[in-house]
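K.L.:
Submitted below is the structure of interest, expressed as structure tokens.
Residue numbers (the working numbering): 1 to 578.
Take a look at the structure:
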């Protein structure tokens with residue numbers, strides 16, 4: 001949507017006080033570093049909320065605490081029954097941050113695996129940002145889960161996994177594995193994550209200190225980067241690899257693409273983001289804009305500088321207009337580039353960007369740097385149930401492997417010395433090799449959606465496998481196409497940049513987009529504005545049949561769908577809208 005124009009003005013830190021801003025902004029300010037929670041004028045802390053969960057006095061947290069909990073990697077959730085109606089069941093989702101997708105050693109993986117049974121619903125949910133989520137965490141187990149993850153996985157395991165801060169920094173999972181390219185993207189991902197991590201001591205006070213160490217007031221509420229109100233909205237960073245753009249770099253608030261063989265230079269993109277609101281033309285899915293080339297030693301500082309510009313200039317009254325993608329376009333690229341150069345001393349080189357690499361799946365066997373190998377396992381929609389978890393844990397612990405998580409919600413088992421032993425463990429556990437799974441299913445990705453996500457309008461994770469079943473039954477399972485689906489237009493699984501994208505509209509309707517590219521360089525356009533769920537299998541089969549049968553040039557699916565007139569494609573598909 002190149003002609004998109006954001007609002008001309010914004011309520012921001014430079015021109016307004018907290019009284020003119022949204023309730024979320026006032027809540028963050030009054031929390032004094034995420035510690036205090038407003039509750040009818042009562043002096044109350046987030047620790048009070050957690051203690052009531054621990055004791056059984058409450059089954060969930062209050063509305064104000066709900067907003068702060070996101071900064072700690074926690075989402076308050078409620079069961080949803082027939083047609084999405086809320087039930088009386090209350091629980092939480094907890095997410096870790098995992099810069100660059102890992103690597104996770106066997107002790108870390110064992111801790112993540114154990115948490116699924118001890119504190120959650122027995123599943124590990126791999127996210128589209130290379131993190132891990134735990135679902136159906138009930139009140140008394142919330143704080144123990146967070147403490148467990150900090151002991152066994154890493155310090156501050158869940159801090160900053162959600163909230164108005166930098167989210168998990170993505171990176172190609174093969175950065176340290178590929179024997180042909182060594183650009184150091186994983187090190188940059190970790191360095192950026194550390195630089196942009198929240199500094200408040202509230203997380204420690206609430207979850208990590210013992211009873212005697214807990215105070216009624218914050219020891220250190222200071223946030224040297226974010227300030228007392230943090231960012232206006234979440235902020236996402238991704239780092240590509242010379243042969244792999246699985247991070248979908250142009251969909252990030254800040255994205256880097258290696259522009260040299262040794263990782264000494266990086267092309268900088270900024271202002272991407274795929275979330276939007278139905279029937280709101282002031283919101284849009286947008287791809288990042290090229291700002292120039294930076295030296296490796298300035299990558300972290302360039303990212304930090306853009307975060308500061310967003311903190312100072314981002315919209316703080318209307319959260320729908322608060323993402324950096326809108327701020328950058330309101331300020332203008334020339335202004336942002338000038339600020340980077342003059343205020344922050346970033347040396348932006350004005351050159352043509354390096355071509356974007358394609359998205360890679362990384363499944364099956366690959367040679368690894370150093371002489372060993374790695375093996376990619378396809379995980380349907382990222383949901384690892386007890387059976388798959390058991391097999392992976394056995395392989396990791398017995399063969400002393402490391403684990404990496406991909407942006408496509410799959411799993412890489414790395415540092416494999418004995419390939420026969422790994423293949424035997426996987427076969428005995430019933431794990432299908434990638435070649436035994438259809439291309440459509442391997443490429444497909446979905447967000448959790450209903451029944452847990454409060455924002456979801458429709459199903460995604462639970463329904464997309466059924467669509468794959470229908471596609472395979474129609475003999476179209478090996479059409480090479482990427483399908484991504486979400487239950488709402490926040491688009492966490494990135495459907496707008498996909499070859500076929502689907503997101504929820506209403507309780508049982510879906511928007512279908514087509515024509516994105518494998519390189520992530522083009523957004524898909526709308527094919528069906530609103531299609532009932534009952535018509536989705538027929539529509540998807542019709543689209544794939546057109547790719548297979550009406551594509552004499554043999555174009556990649558995304559390119560064919562991009563070039564084909566939407567009216568003509570709808571006629572071929574033969575499915576009417578709602």
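No residue lacks a Cβ here, since even glycine has one placed at the ideal position from N, Cα and C.
Is the beta carbon of residue 431 sitting closer than 8 Å to the one on residue 409?
P.N.:
Not in contact: residue 431 and residue 409 (Cβ atoms no closer than 8 Å).
K.L.:
Residue 139 by DSSP, collapsed to three states: which one?
P.N.:
helix
K.L.:
Could you give the DSSP three-state label for residue 402: helix, strand or coil?
P.N.:
Three-state DSSP puts residue 402 in a strand.
K.L.:
For residue 544 versus residue 481, is the C-beta spacing smaller than 8 Å?
P.N.:
Judged by their CB atoms, residue 544 and residue 481 are nearer to each other than the 8 Å cut-off.
K.L.:
Quick one: grab the DSSP three-state call for residue 471.
P.N.:
helix
K.L.:
Can you check DSSP and say which residues form a bridge with residue 513?
P.N.:
Under DSSP, the beta-bridge partners assigned to residue 513 are 501 and 526.
K.L.:
Distance check for residue 146 and residue 207, CA to CA, integer angstroms please.
P.N.:
Between residue 207 and residue 146, the alpha-carbon positions lie close to 7 Å from each other.
K.L.:
Evaluate residue 507 with the Cβ neighbour count: other Cβ atoms within 10 Å of its Cβ, from every protein chain shown; 16 or more gives buried, anything less gives exposed.
P.N.:
exposed
K.L.:
Smallest Cα separation from residue 90: which of 451, 289, 372 and 555?
P.N.:
When each option's Cα is compared against that of residue 90, the closest is 451.
K.L.:
What's the C-alpha gap between residue 305 and residue 328?
P.N.:
Cα to Cα, residue 305 sits roughly 13 Å from residue 328.
K.L.:
Considering only residues of the same chain and omitting the five flanking positions on each side of residue 429, which have a CB-CB separation below 6 Å?
P.N.:
391
K.L.:
Assuming residue 487 contacts residue 447 (C-beta within less than 8 Å), just tell me the rounded distance between them.
P.N.:
6 Å
K.L.:
Looking at the C-beta of residue 357, does it have a partner C-beta in chain B at a distance below 8 Å?
P.N.:
Note that chain B does not occur in the displayed structure, where there is just one protein chain.
K.L.:
Going by CA-CA distance only, name the one from 190, 115 and 341 that's closest to residue 99.
P.N.:
190
K.L.:
Since residue 78 and residue 86 should fall inside the 8 Å C-beta cutoff, what is the C-beta to C-beta distance between them, to a whole number of angstroms?
P.N.:
5 Å
K.L.:
Using a threshold of 8 Å, state whether the C-beta atoms of residue 241 and residue 185 are closer than that.
P.N.:
yes
K.L.:
Using the Cβ count rule (16 or more neighbours within 10 Å means buried), how would you classify residue 169?
P.N.:
By the beta-carbon neighbour count (other beta carbons within 10 angstroms, threshold 16), residue 169 is buried.
K.L.:
Pair every Cβ in the segment 456-467 with every Cβ in the segment 511-528, then say whether three or more of these pairs are closer than 8 Å.
P.N.:
Judged by Cβ distances under 8 Å, the segment 456-467 makes no contact with the segment 511-528, as fewer than three pairs qualify.
K.L.:
Would you be able to state if there are at least three C-beta pairs under 8 Å between the segment 146-166 and the segment 337-345?
P.N.:
no
K.L.:
Taking Cβ to Cβ, would you say residue 178 is nearer than 8 Å to residue 360?
P.N.:
no
K.L.:
On the DSSP letters alone, give me the boundaries of the beta strand (DSSP E) that residue 290 sits inside.
P.N.:
289-295
K.L.:
Note down, in chain order, each residue of its chain lying with its Cβ closer than 7 Å to the Cβ of residue 417, except the 5 sequence neighbours on either side.
P.N.:
Annotation for residue 417: 372 place their beta carbon closer than 7 Å to its own, counting only its chain and skipping 5 residues before and after.
K.L.:
Applying the 10 Å Cβ sphere with the 16-neighbour rule, what's the burial state of residue 553?
P.N.:
exposed
K.L.:
Given a cut-off of 8 Å, decide if residue 346 and residue 301 are closer than it, judged by their beta-carbon atoms.
P.N.:
yes
K.L.:
Check whether the Cβ atoms of residue 278 and residue 505 sit closer than 8 Å, and answer yes or no.
P.N.:
The Cβ-Cβ distance between residue 278 and residue 505 falls below 8 Å.
K.L.:
Does DSSP classify residue 278 as helix, strand or coil?
P.N.:
It is coil, neither helix nor strand.
K.L.:
Just the C-alpha distance for residue 163 and residue 526, rounded to the nearest angstrom, thanks.
P.N.:
30 Å
K.L.:
Looking only at C-alpha atoms, which of 519, 224 and 192 sits nearest to residue 311?
P.N.:
224
K.L.:
Pull the bridge partners of residue 256 from the DSSP assignment, please.
P.N.:
239 and 268
K.L.:
Tell me the rounded alpha-carbon separation between residue 125 and residue 132.
P.N.:
6 Å
K.L.:
What would DSSP say about residue 48, mapped onto helix, strand or coil?
P.N.:
helix
K.L.:
Go to residue 208, then tell me how far its alpha helix (DSSP H) extends in each direction, as first and last residue.
P.N.:
Where residue 208 is concerned, there is no enclosing alpha helix (DSSP H), given that its DSSP letter is neither H nor E.
K.L.:
Going by DSSP in three states, residue 298 sits in which element: helix, strand or coil?
P.N.:
helix
K.L.:
State the DSSP-derived secondary structure class of residue 213, mapped to helix, strand or coil.
P.N.:
Low local confidence applies: a pLDDT of 48 at residue 213 is under 50, so the model's placement there is unreliable, and no value is given.
K.L.:
Give the straight-line distance between the Cα atoms of residue 348 and residue 269, rounded to the nearest whole angstrom.
P.N.:
12 Å
K.L.:
Compare the C-alpha of residue 261 against each of 290, 235, 283 and 296 and name the closest.
P.N.:
296
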